[in-house]
Amino acid sequence: MATGANQSDNGDPGRKWAVGGDLRRWIIEHLPSGSVLLLGGAASPFPLNAPDHTVVDMRHLASTADTAATVDHAWVNDALDPAKDPATVVQRVFQTIKPGGTLVVTVPFGLSRGVSDTPGFYLGSLRRLLEPLFEIAEPELIDGQIAVAGVRRQQPAGVPVFSLDPEETAFSGLDRRLNERLRLEALENVHAAARYAAAKTEVEGLQAELKTTKGDLVAVRRKLAMIRPLLAAPLAVVRGGRRLKRGAARRGRVAVTFMRGAGAPAQRATGQRVPAAAGKATAPPNWRETLVQDFNTWLRAARDAEGDEIVVMFSGTTFVQEHRGNRPIRLTNVYLRRKCPVFFNYYRSNYKQPLPEHPDELLFQSPIDATPELFDALLTADFGDKKKIFYASFPHELMVRHLTVAAMHGWVTVYDARDDWEEFAKVGMAKWYHPGYERYVASHADIATAVSRPLARKMSAIADREVHVVANALDTRFPQASRSTEPTWPPVIGYFGHLTDKWFDWPLVIAAAERYPGYTFELAGHQQPEMEYPPNIKLLGLVGHQDLADRSRTWSLALIPFKNGPLADSVDPIKVYEYLHLRLPVLATYFPQCREYPGTTITEGREEFLELLPRLVGTVVPEKETAEWLTHNTWERRVDRYSELADEVRARGRDGVMALLGAKW
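Heads up: the sequence shown begins at 3 in our numbering, then just goes up one per residue.
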């Protein structure tokens, strides 16, 4: 017989059960002296180190022809595997040890070995397994193991069977679930450790990048120290003789969160993803990557475009779409028809709004929350010999920060005052507005323009410079009616445009509807207030241009009923050009800019407006005068005017402090 304390009968020498001090003592105390059959993996150090114990290797016995009753005692541990017919193991031990010999069994309690697909041992199941062949004492729980000792019977009292009673079965299920939970948690710990290692590596890389960036920042600060004297004078203009409060300057700031870099471009319409009519579609989670890819595609298309100008249109309006006909969109459409690329900044209220779609590859539309991250690449890009023109369509803080950068890189800068933003802010419609921003932009743009004479006078006083009047105009593609219909009777009075009560004079229109109940008032537009309207006021909602043109054939008069005040004083309504294009007589509230327009009647008060309304119904617009006037007032003519002004700047050079920046035309 050979000794072999570290042998295992189950074919897995790496699977050993730890024997704690308490269990170790218990085993030695319960095994009498003599030869001991070790069945199962032995623990290290082996507990049977007493001089009166002789360890018998079961493999040696297995090779002997007759092993019956050859060993005094037995210790069985992990050989008693519930998954490998433990009843057969018990019968084999019964045959091997002598009658009256002692059997010691130590097995893990329940599923403590991590076995999740087979039952484990419990006190009752182990007793039922051993008692047919051994007279056993009460099992004990020691160090997480069931320890039981028994004396071999002279004759079997039954057949050993391994089974769980209902209570043990239920407990085994709970045990199994707990083991699975522990296994998953251990696996998650491994994954967490891997993520931690990856994050640590990334942090180290970012720290290295930060170190490099800090070095670059030092160089930028040196450069800033050199040009700071050049900025002292513009800063004094912005401050207007007083220091701006930091909090006030920040309130209008656009929060920008954007990624760096760009992927390969795709062959698709640039800068867009979701059709404008897609309603409340959710912006894709990778819209930033999409936007930068499309921006790079647009840059290449812009360099190769046929047109000789490239345009940045920093607009505070919505994206380019049919139902919106504001000034930046109208100018943009002319440039696109001339094959001139346009970078169009538009406003959106939050980043979840989808990117718009547009078929022209020369148009790139960037939401205002993304534009700042693209500006550096845009303003410094090489567009060959194209003439560069930069429109600041509203005096946002971003223009204060980027107007000078654009000028330094050869862009002719334009402040195009299309509305009195100070008055808009007073009615809560331009919360970003700060007078210092407008003062700076109006003073330091190469060209300053305004849509009306009153607004030009105001801008000239603010900026102490010449401000050109470049009024609104007619879109020559605005449709004519597709059918010929005479105005109806009773009369239909029409309006299309914005219906917000911030400037649309609802009390005046309701008073007109109530005074002339036989007239129908058709109002096309959006953002009307929630209220009760007289039955002869018909709200049409947003209507396409062709449908408007067709519907206008039944109108006897077109209205522009804005609230009188400083806000309206500066306005040059685009709709007046479209009304006259449709040969509709126009009745308007007080717009000084429109006094000399053909077919247009300007009123100064409520009663005058109401009294003139029936007199103008059905009147005829002077055809020849109107047609000639419209010929000189198209968006094509306006773009020509801006090109002339830009060429003058390039020819004469810049004036004042901006001349110090230099430029490569």
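Glycine included, every Cβ here is placed at the ideal spot set by N, Cα and C.
Going straight from the alpha carbon of Val545 to that of Glu524, what length do you get?
11 Å
DSSP on Leu82, reduced to helix/strand/coil?
coil
Rounding to the nearest angstrom, what Cα-Cα distance links Arg130 and Glu137 in this structure?
11 Å
Between the CA atoms of Leu128 and Pro121 - distance to the nearest angstrom:
12 Å
Can you list, in chain order, the residues of its chain with a C-beta nearer than 7 Å to that of Lys1? Leave out the 5 residues immediately preceding and following it.
The first residue shown for the chain is 3 and the last is 667, placing residue 1 beyond what the model contains.
Beta-carbon separation of Phe480 and Glu580 under 7 Å?
Yes. Within cutoff.
Between the stretch 554-572 and the stretch 529-540, are three or more C-beta pairs nearer than 8 Å?
no
Is there contact here, the stretch 319-328 with the stretch 344-353, by at least three beta-carbon pairs under 8 Å?
yes
Expected contact under 8 Å - CB spacing of Ser454 and Ser645 to nearest Å:
Rounded, the Cβ-Cβ distance is 22 Å, inconsistent with contact.
Kindly list the residues whose CB is nearer than 8 Å to the CB of Gln529, restricted to its own chain and excluding five residues on each side of it in sequence; keep chain order.
His500, Leu501 and Thr502
On a Cα-Cα basis, can you pick out the residue from Val192, Thr104 and Cys596 that is closest to Gln156?
Thr104
Per-residue burial, Gly265 [other beta carbons within 10 Å of its own, 16 or more giving buried]:
A caution first: Gly265 carries a pLDDT of 35, below 50, which makes its placement in the model too unreliable to give a value.
Below 6 Å CB to CB, which residues in the same chain sit around Ser65 once its five sequence neighbours on both sides are set aside?
Confidence is the limiting factor: at Ser65 the pLDDT is only 46, short of 50, which leaves the residue's position unreliable, though a coordinate-based value still follows. Here the set comprises nothing.
Thr628 and Arg656 look like a contact to me (Cβ under 8 Å); what is the Cβ gap, rounded to whole Å?
Thr628 to Arg656, Cβ: 40 Å. No contact.
For Gln147, list the residues DSSP reports as bridge partners.
Pro110 and Ile144
Name the DSSP bridge partner or partners of Gly152?
Leu105 and Ile138
Can you give me the C-alpha to C-alpha distance between Thr591 and Gly386, rounded to a whole angstrom?
48 Å
Taking just the CA atoms, how far does Asp296 sit from Leu510?
47 Å
Looking at C-alpha atoms only, which residue of Val57, Pro537, Gln548 and Ile449 is the closest neighbour of Leu647?
Ile449
Straight-line CA distance for Leu614 to Val429?
29 Å
Arg441 classed as buried or exposed, judged by whether at least 16 other C-beta atoms fall within 10 angstroms
Arg441 should be labelled buried.
Secondary structure at Glu133, three-state DSSP: helix, strand or coil?
coil
Ala473 versus Phe377 - alpha carbon distance:
28 Å
Determine the direct distance from the alpha carbon of Arg178 to that of Pro141, and round the result to whole angstroms.
Their Cα atoms are separated by approximately 22 Å.
Taking contact to mean 3 or more Cβ pairs, one atom from each stretch, closer than 8 Å, check whether the stretch 364-382 and the stretch 615-627 are in contact.
No, they do not touch.
Which two residues bound the contiguous beta strand (DSSP E) that contains Glu311?
Glu311 to Phe316
The alpha helix (DSSP H) enclosing Phe96, as first and last residue numbers
Pro88 to Thr98
What number of angstroms, rounded off, separates the C-alpha of Glu606 from the C-alpha of Gln595?
13 Å
Considering only C-alpha positions, which residue in the set Lys100, Ala432 and Gly146 is nearest to Arg154?
The closest CA to that of Arg154, considering only Lys100, Ala432 and Gly146, is found on Lys100.
So the beta strand (DSSP E) Ser368 belongs to, where does it begin and stop?
First-last of the beta strand (DSSP E) with Ser368: Leu365 to Pro369.
Quick one, are the C-beta atoms of Ala452 and Ala419 less than 7 Å apart?
yes
Going straight from the alpha carbon of Ala172 to that of Val205, what length do you get?
49 Å
Distance check for Pro343 and Leu334, CA to CA, integer angstroms please.
Note on residue identity: the sequence assigns Thr, not Leu, to residue 334. Their Cα atoms are separated by approximately 9 Å.
Cβ distance (whole Å) where Leu357 is taken to contact Thr292 below 8 Å:
7 Å
What span of residues does the beta strand (DSSP E) with Asn347 cover, start to end?
Following the DSSP letters along the chain, one finds Asn347 inside the beta strand (DSSP E) bounded by residues Val344 to Tyr348.
Roughly how many angstroms lie between the CA atoms of Arg302 and Arg329, to the nearest whole one?
27 Å
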